[in-house]
Amino acid sequence: MPGANRPDVTPKRDSAGNASTDFLWGGSAGFHTVWPDSPDNAAYRTVRPRPVETLLVGGELDFSTPPVNATKELLPTLSRGHQVVLPGLGHTHDFWEHQPEAGKHLLTTFSDTGHGDSSQFDRRPVAFDAVPLSMPTIAALLVGIPTGGVLIGLLVLGLLLRRRLRRGAPSGRASRWIRALTMVPLGLAGWFLGVLFTWTLAPGWVHRRPGRGGTRRRTADRPRCAPRPTDGEARTLVHSCRGSRRGVRGSTAGIAGGNGAVGPGPRNRRRRAGREPRSGVATAKPDPSSHVESVRGDNRFNCMRVISTVLYMQL
128 MPGANRPDVT PKRDSAGNAS TDFLWGGSAG FHTVWPDSPD NAAYRTVRPR
178 PVETLLVGGE LDFSTPPVNA TKELLPTLSR GHQVVLPGLG HTHDFWEHQP
228 EAGKHLLTTF SDTGHGDSSQ FDRRPVAFDA VPLSMPTIAA LLVGIPTGGV
278 LIGLLVLGLL LRRRLRRGAP SGRASRWIRA LTMVPLGLAG WFLGVLFTWT
328 LAPGWVHRRP GRGGTRRRTA DRPRCAPRPT DGEARTLVHS CRGSRRGVRG
378 STAGIAGGNG AVGPGPRNRR RRAGREPRSG VATAKPDPSS HVESVRGDNR
428 FNCMRVISTV LYMQL
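In this note's numbering, the protein residues as written are 128 to 442.
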């Protein structure tokens with residue numbers, strides 16, 4: 128397939144990368160390397176020289192198909208080729224909608240004389256800042272919202288810890304109110320923390336793909352174009368990423384069930400003191416290894432449950 132071994136379509140470790148190309152083609156080792164291809168097509172895998180009169184029209188601001196690519200890669204193979212770069216225009220829609228009469232004149236003159244006349248196109252003023260959400264604004268929101276959520280969660284934890292150190296364990300009524308009011312900020316803080324960990328340590332490594340037969344298969348895999356994270360990164364991701372829906376239930380159960388920051392309720396204190404033993408229920412502690420294995424079986428976000436578990440164990 129054309130471009131299979133070209134260096135400009137292979138993965139690059141830069142800020143932008145080739146996300147769109149990798150998504151469509153599966154990276155440099157994607158399906159185009161195994162797709163059945165006849166040897167008869169070998170002559171068409173590269174651009175062949177042509178003496179046909181050809182008009183190449185491109186917009187100066189066409190970011191999807193920049194005109195410089197046609198200038199460097201296609202125009203040298205066209206002995207009778209002509210290229211017109213329209214100032215201030217973008218992709219196809221701009222050519223047909225901005226000045227349709229000028230576009231018609233360009234195509235008509237090329238058909239009549241072999242040279243397109245683009246003199247009727249005027250420069251279109253472009254304001255890159257006249258958009259509701261610019262790229263810097265989107266980047267600031269993507270970083271600021273998760274970071275702000277984590278900071279709010281830490282602030283709530285600090286206030287709870289300060290109250291615990293000054294006043295001791297709250298009463299049963301106050302404990303219930305604290306659980307109800309802190310459930311949402313602490314749960315969102317845990318989820319945002321998992322998002323930041325995943326974006327930082329291994330972006331694109333944890334993903335979900337559908338299974339067969341109407342079931343959903345949740346796997347932790349890596350694209351062919353991305354390197355596998357180290358063991359330390361993998362362990363961090365395994366413990367910080369699980370199912371988002373289970374995360375809501377885990378956060379609710381962990382916080383509503385009581386943690387050290389808000390103090391156990393009256394019934395829990397009596398049970399711990401041995402005054403009200405729970406009948407018919409084993410008191411053995413759960414095996415931590417079983418929890419780790421269950422975490423490894425699910426790779427979607429469940430950071431709220433992780434945060435609530437840490438609160439229960441540490442505070």
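Each residue gets a CB set at the ideal place from its N, CA and C atoms; glycine is no exception. As the structure is a computational prediction, the values presented were derived from the model and not from experiment.
*Would a C-beta distance cut-off of 7 angstroms place residue 276 and residue 324 closer than the cut-off?*
As a position in the sequence shown, residue 276 is number 149, starting the count at 1. As a position in the sequence shown, residue 324 is number 197, starting the count at 1. Contact flag unset, no.
*Residues near residue 147 in its chain [Cβ-Cβ closer than 6 angstroms; skip 5 each side]*: Here residue 147 is taken as the residue at index 20 of the sequence shown, counted from 1. Around residue 147: no qualifying Cβ.
*Relative to the C-alpha of residue 281, which residue among 314, 259, 229, 327 is closest?*
Residue numbering aside, residue 281 sits at position 154 when the sequence shown is read from its first letter. Nearest option by C-alpha distance: 314.
*Can you tell which of 244, 181, 189, 262 has its C-alpha closest to the C-alpha of residue 207?*
The count along the sequence shown starts at 1 and reaches residue 207 at position 80. The residue with the shortest Cα to Cα distance from residue 207 is 181.
*Does DSSP classify residue 174 as helix, strand or coil?*
By 1-based counting over the sequence shown, the position of residue 174 is 47. Here residue 174 sits in coil by DSSP.
*With 16 as the cutoff for other CB atoms within 10 Å, does residue 306 come out buried or exposed?*
The count along the sequence shown starts at 1 and reaches residue 306 at position 179. When all chains shown are included, residue 306 counts as buried.
*Taking the DSSP output, what are the residues bridged to residue 247?*
Counted from its first residue, the sequence shown places residue 247 at position 120. Looking at the DSSP assignment, residue 247 forms no beta bridge with any residue, so it has no partner.
*Evaluate contact between the region 221-233 and the region 259-266, counting only Cβ atoms and requiring at least three cross-stretch pairs below 8 angstroms.*
no
_Completely contained alpha helix (DSSP H) runs for the region 145-224, where each covers 4 or more residues_ = 146-152, 219-224
*Drop a sphere of 10 angstroms on the beta-carbon of residue 309, count the other beta-carbons inside from all chains shown, and report buried for 16 or more, exposed for fewer.*
Translated into the one-based positions of the sequence shown, residue 309 becomes position 182. Residue 309 is buried by the Cβ-count criterion.
*Which residues in the same chain as residue 191 place their Cβ atom closer than 6 angstroms to its Cβ, once the five residues preceding and following it in sequence are excluded?*
As a first step, residue 191 must be located in the sequence shown, where it is residue number 64. Excluding sequence neighbours, residue 191 sits near 218.
_Residues in the same chain with beta-carbon distance under 6 angstroms from residue 322, minus the five sequence neighbours each way, listed in chain order, please._
Counting from 1 along the sequence shown, the entry for residue 322 is found at position 195. Answer for residue 322: 273, listed in chain order.
*Rounded straight-line distance, which links the Cα of residue 317 to that of residue 284*: By one-based count along the sequence shown, residue 284 stands at place 157. By one-based count along the sequence shown, residue 317 stands at place 190. Going by the C-alpha atoms only, they are around 12 angstroms apart.
_CA-to-CA distance, residue 245 to residue 232, given in whole angstroms_ = Start at 1 with the first residue of the sequence shown, and residue 232 comes out as number 105. Start at 1 with the first residue of the sequence shown, and residue 245 comes out as number 118. If you take the alpha carbons of residue 232 and residue 245, they lie about 8 angstroms apart.
_On the DSSP letters alone, give me the boundaries of the alpha helix (DSSP H) that residue 307 sits inside._
Working through the sequence shown from its first residue, we reach residue 307 at position 180. Residues 299-328.
*asked:* Can you list, in chain order, the residues of its chain with a C-beta nearer than 7 angstroms to that of residue 352? Leave out the 5 residues immediately preceding and following it.
replied: Locating residue 352 in the sequence shown gives position 225, where the first residue counts as 1. With a pLDDT of 43 at residue 352, under the threshold of 50, the modelled position of this residue cannot be trusted; read the value that follows with caution. Within the same chain, residue 352 has close Cβ partners 138, 149, 154, 155.
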